[in-house]
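A.B. asks:
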Amino acid sequence: INRMLLDVDTGIDDALAILYALLSPAIKVEGITTGFGNTDVDQATENTLRVIQAANCGYEVPVAKGAAGPLKRTFPGAVPHIHGHNGIGDAVLPPSRVQALEESAAAFIVRKVNESPGELILVTVGRLTNLALALELDPSIASKFKKVVIMGGTVYAPGNITPVSEANLYGDPEAAAQVFESMVPITIVGLDVTQQTRLTKQHLSDLSRDVAPNKREVFDFMNAALQIYFDFYAFSNDFDGECPMHDPLAVIVAINPSLVRTETIPAAIDCGDGYTAGMIITDRRVRAVVGRPVAFCLEVDQEKAIAELLSIFTKGER
Ligand code: BDR
Ligand code: CA
4 INRMLLDVDT GIDDALAILY ALLSPAIKVE GITTGFGNTD VDQATENTLR VIQAANCGYE
64 VPVAKGAAGP LKRTFPGAVP HIHGHNGIGD AVLPPSRVQA LEESAAAFIV RKVNESPGEL
124 ILVTVGRLTN LALALELDPS IASKFKKVVI MGGTVYAPGN ITPVSEANLY GDPEAAAQVF
184 ESMVPITIVG LDVTQQTRLT KQHLSDLSRD VAPNKREVFD FMNAALQIYF DFYAFSNDFD
244 GECPMHDPLA VIVAINPSLV RTETIPAAID CGDGYTAGMI ITDRRVRAVV GRPVAFCLEV
304 DQEKAIAELL SIFTKGER
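Heads up: the sequence shown at position 197 corresponds to 200 in UniProt numbering, and the numbers run straight through without jumps.
#1: Given the structure, does Val182 come close to ligand 2, in the sense that its CB is under 7 Å from one of the ligand's heavy atoms?
#2: Could you check where the alpha helix (DSSP H) with Thr48 kicks off and where it finishes?
#3: Can you give me the C-alpha to C-alpha distance between Glu49 and Glu169, rounded to a whole angstrom?
#4: Give me the residue from Leu252, Leu229, Leu136 and Arg288 with the minimum Cα distance to Cys23.
#5: At a threshold of 7 Å, does Gly72 count as lining ligand 1 (C-beta to nearest heavy atom)?
#6: May I ask you to check if the CB of Asp43 is nearer than 7 Å to at least one heavy atom of ligand 2?
#7: Measure the CB-CB distance between Gly281 and Ile272 and report whether it falls below 8 Å.
#8: Report buried or exposed for Ser107, applying the criterion of at least 16 other Cβ atoms within 10 angstroms of its Cβ.
#9: Give the secondary structure of Pro296 by DSSP, where H, G and I count as helix, E and B as strand, and everything else as coil.
#10: Could you check if Tyr232 is buried or exposed, using at least 16 other CB atoms within 10 Å of its CB as the buried criterion?
#11: Starting from Lys150, follow the beta strand (DSSP E) in both directions and report where the run begins and ends.
#12: Can you tell me where the alpha helix (DSSP H) holding Arg201 begins and where it ends?
#13: Touch check for the segment 186 to 199 and the segment 155 to 163: three-plus C-beta pairs under 8 Å?
#14: Whole angstroms is fine: what's the gap from Ala257's alpha carbon to Gly275's?
#15: Can you determine whether any heavy atom of ligand 2 sits closer than 7 Å to the C-beta of Val11, and answer yes or no?
#16: Who are the Cβ neighbours of Ala227 in its own chain at under 7 Å, not counting the five residues just before and after it?
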């Protein structure tokens, strides 16, 4: 079983990533940390608690609230045109019966990794602020992750917030730079693969017929939450009835690495102020001198990835 920590800014696709992690029989989620991004950290925390409750996965999942803003910059605020006013596409879930821990996200990550060195996979699908703060608290954790899979950035595909930058890395470039400069074993699941891995309205209507009885409620929630996400991608990318599965793909790849082709390339993060803020600079020169080796996912078997994602709704195991 894959023991996992998740760092999220829940978020429509974050919600799906959390559901996949909780409902996949191959994963045990040992905790979820929250941050700002798609929405503010309080809303992201509440959304995360509610999604966990709705998943009803049969075990308890602690949630630790994290950073409210970037290390050195100002959080520009939520993006209701992408993720709705409540961050989860204005879909409604019952309030959570439990609360987040008192412990901060960074302290939680440090504690969990020190309790199980070499055992935990961390998947981050939001800004890298919490991980950077955890590394500041205890730099020794850098070598104690089994691996760290990061949804963020792009190598060849265009950016989604500037022509060259992706939202999670742009949202806190200094944090991303700190993580890239550390010894953390990074796999980047960036726009090169996530933009290709699209859920379609057709998938959802087909799936609707096969949903396991104990997954119907959570499926209906996700279906409702996704509508605004489809609208945003129709408008922003000209995707007709399709939306990319950024965050779920990171979790899927973390436990199914054969679904992607990866290439290891030296890389660093740009911390400038313009279009290149948070851009991944890959040094593809023969005699590379910039950055350190990072594994980048560059191609994906998107059909298998989507089938894997949807399988959590048809199997009633958890
Ligand atoms: C990332 O930005 C957020 O909107 C999504 O949740 C995902 O983590 C994609 O660039
Ligand atoms: Ca996210």
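Backbone N, C-alpha and C define an ideal beta-carbon position, used for all residues, glycine too.
Since we're looking at a predicted model, the values are computed, not measured.
C.D. replies: Checking against the coordinates, here is how it stands:
#1: The count along the sequence shown starts at 1 and reaches residue 182 at position 179. No.
#2: Taking the first residue of the sequence shown as position 1, residue 48 is located at position 45. Counting along the chain, the alpha helix (DSSP H) containing Thr48 begins and ends at Val44 to Ala58.
#3: Mapped onto the sequence shown, residue 49 falls at position 46. Mapped onto the sequence shown, residue 169 falls at position 166. Roughly 25 Å between the two C-alpha positions.
#4: The residue labelled residue 23 in the question sits at position 20 within the sequence shown. Note that residue 23 is Tyr in the sequence shown here, rather than Cys. Answer by Cα proximity: Leu252.
#5: Numbered from 1 along the sequence shown, position 69 holds the residue referred to as residue 72. Answer for Gly72: no, Cβ out of range of ligand 1.
#6: As a first step, residue 43 must be located in the sequence shown, where it is residue number 40. Answer for Asp43: no, Cβ out of range of ligand 2.
#7: Taking the sequence shown and counting its residues from 1, the one referred to as residue 281 is at position 278. Taking the sequence shown and counting its residues from 1, the one referred to as residue 272 is at position 269. Going by C-beta atoms, Gly281 is nearer than 8 Å to Ile272.
#8: Position 104 of the sequence shown holds residue 107. Result: buried.
#9: Taking the sequence shown and counting its residues from 1, the one referred to as residue 296 is at position 293. Pro296: strand per DSSP, three-state reduction.
#10: Counting from one through the sequence shown, the residue named residue 232 turns up at place 229. Buried: at least 16 other Cβ atoms inside 10 Å.
#11: Walking along the sequence shown from the start, residue 150 turns up at place 147. Element bounds for Lys150: Lys150 to Met154.
#12: Residue mapping note: residue 201 aligns to position 198 of the sequence shown, counting from 1. Run containing Arg201: none in the alpha helix (DSSP H); it sits in the beta strand (DSSP E), Arg201 to Thr203.
#13: yes
#14: Residue numbering aside, residue 257 sits at position 254 when the sequence shown is read from its first letter. Residue numbering aside, residue 275 sits at position 272 when the sequence shown is read from its first letter. C-alpha separation (whole angstroms): 30 Å.
#15: Within the sequence shown, numbered from 1, the residue matching residue 11 stands at position 8. The answer is yes for Val11.
#16: Taking the first residue of the sequence shown as 1, we reach residue 227 at position 224. Counting only Cβ-Cβ distances below 7 Å, and skipping sequence neighbours, we find Gly92 and Ala94.
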